[in-house]
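A short write-up of the structure that comes next.
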Amino acid sequence: MHSLKTFLLAFGLAAAATGAPQLAAADTLTVGAYPANPPWEVKTETGEFEGFEVDLVKEIAKRLGDDVDFQDLGFQALFAATASGRIDMAISTISITNDRLQNQSFTQGYYDSDLALVTQVGSDVKSLEDMKGKTVGALSTSTGETWVKANQEKYGFGDFKGYDTFQNLLLDVQNGRVDGGVSDIGSFQFAMKQLPQLQIAARIQTGDRFAIMLPKNSPLLQKVNDAISAIKTDGTMAKLHEKWLGAAPDKGTSTVDVLPIPTAQ
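Numbering (mature numbering (1 follows the signal peptide of the UniProt record, and there is no 0)), first residue to last: -25 to -1, 1 to 240.
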């Protein structure tokens, strides 16, 4: 953990007193991550972490002159691990919420976790308004389904079809069995790298943003947040977006714009 520096400093002082050679060591950021969350976090066959947020943390550590130690944790376990100070920070598409801000600290957001409407390439559906009377699909019990049902009257959707898997939703949109599908925009962008027959017809703003979570009032918060600001400003964040999601980030999104550290209300 980051507190390792205290131990190393003490060791260094002891070594100096005995005349033993001293070794300079970087701090180590201990980062919790849920490993089954592509393209954000995933474990390779060799047990290494890779993904959008993995690359982001590595870039932050590089700029701070630190090393990184990734810890494989379940999603819910991430919250207990940061709250107890067992890890320095957590990633895994964690949205900033006011409830979470009561007990945890968050950096500025770096990805707007919006929904999207996806259609076949060449479809006459170019907007949500064009879905009037048409069949729409979404993962069952997902935020996509919740949004569709809440906006049924506004947009006049036709039939709704729920899906157990994201893959089946994509296949039905691709094959024209539903006119459009609603789900997380990042998931669609990642899938479209392998399915060029699909296109995003509309972005649906939710106001949710992914960020790095840290223990409440962590002394690392400001410098990690400053590193994220620099990563946005010099275009590195946009390059990560293109690498992992296959598209440039939209202007005006949190992937591009520098934002303040969020505070609890």
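Where a beta carbon is used, it is the ideal one built from N, C-alpha and C, also for glycine. As the structure is a prediction and not an experimental result, all values here were calculated from the model.
- Secondary structure of residue 96 (DSSP, three-state): coil.
- By the neighbour-count definition (other C-beta atoms within 10 Å, threshold 16), residue 88 is a buried residue.
- Counting along the chain, residue 130 sits inside no beta strand (DSSP E); it lies in the alpha helix (DSSP H) bounded by residues 127 to 130.
- Residue 153 and residue 102 have their C-alpha atoms roughly 15 Å apart.
- Here residue 100 has 92, 94, 106, 109, 154, 155 and 176 as same chain residues with Cβ atoms under 8 Å from its own Cβ, once five neighbours each way along the sequence are excluded.
- Excluding five sequence positions before and after residue 198, the CB atoms of its chain that fall closer than 7 Å to its own CB belong to 39, given in chain order.
- When the beta-carbon positions are compared, residue 4 and residue 42 come within less than 9 Å of each other.
- Within its own chain, the residues whose Cβ lies closer than 7 Å to the Cβ of residue 234, once the five positions on either side in sequence are excluded, are 83 and 84, listed in chain order.
- Contact annotation: residue 32 and residue 25 have beta-carbon atoms that are not nearer than 9 Å.
- Note: residue 11 is bridge-paired with 17 in the DSSP secondary-structure output.
- When the five nearest sequence neighbours on each side are left out, the beta carbons in the same chain lying within less than 7 Å of the beta carbon of residue 167 are those of 173 and 221, in order along the chain.
- With contacts defined by Cβ atoms closer than 9 Å, residue 53 and residue 36 do not form a contacting pair.
- The alpha-carbon separation between residue 112 and residue 126 amounts to approximately 13 Å.
- Per DSSP, residue 120 has no beta bridge partner at all.
- Between residue 9 and residue 48, the beta carbon gap of about 6 Å places them in contact (Cβ cut-off 8 Å).
- With fewer than 16 other beta carbons inside 10 angstroms of its own, residue 208 counts as exposed.
- In the assembly as shown, residue 162 is a buried residue. Its beta-carbon has 16 or more other beta-carbons within 10 Å.
- If only uninterrupted alpha helix (DSSP H) runs of at least 4 residues are considered, those enclosed by the stretch 35 to 119 are 50 to 58 and 73 to 76.
- Residue 170 is not a Cβ neighbour of residue 137, given a cutoff of 9 Å.
- Among the bridge pairs identified by DSSP, residue 185 is matched with 70 and 86.
- Residues of the same chain with a CB within less than 7 Å of the CB of residue 159, apart from the 5 flanking positions on each side, are 88 and 90 in chain order.
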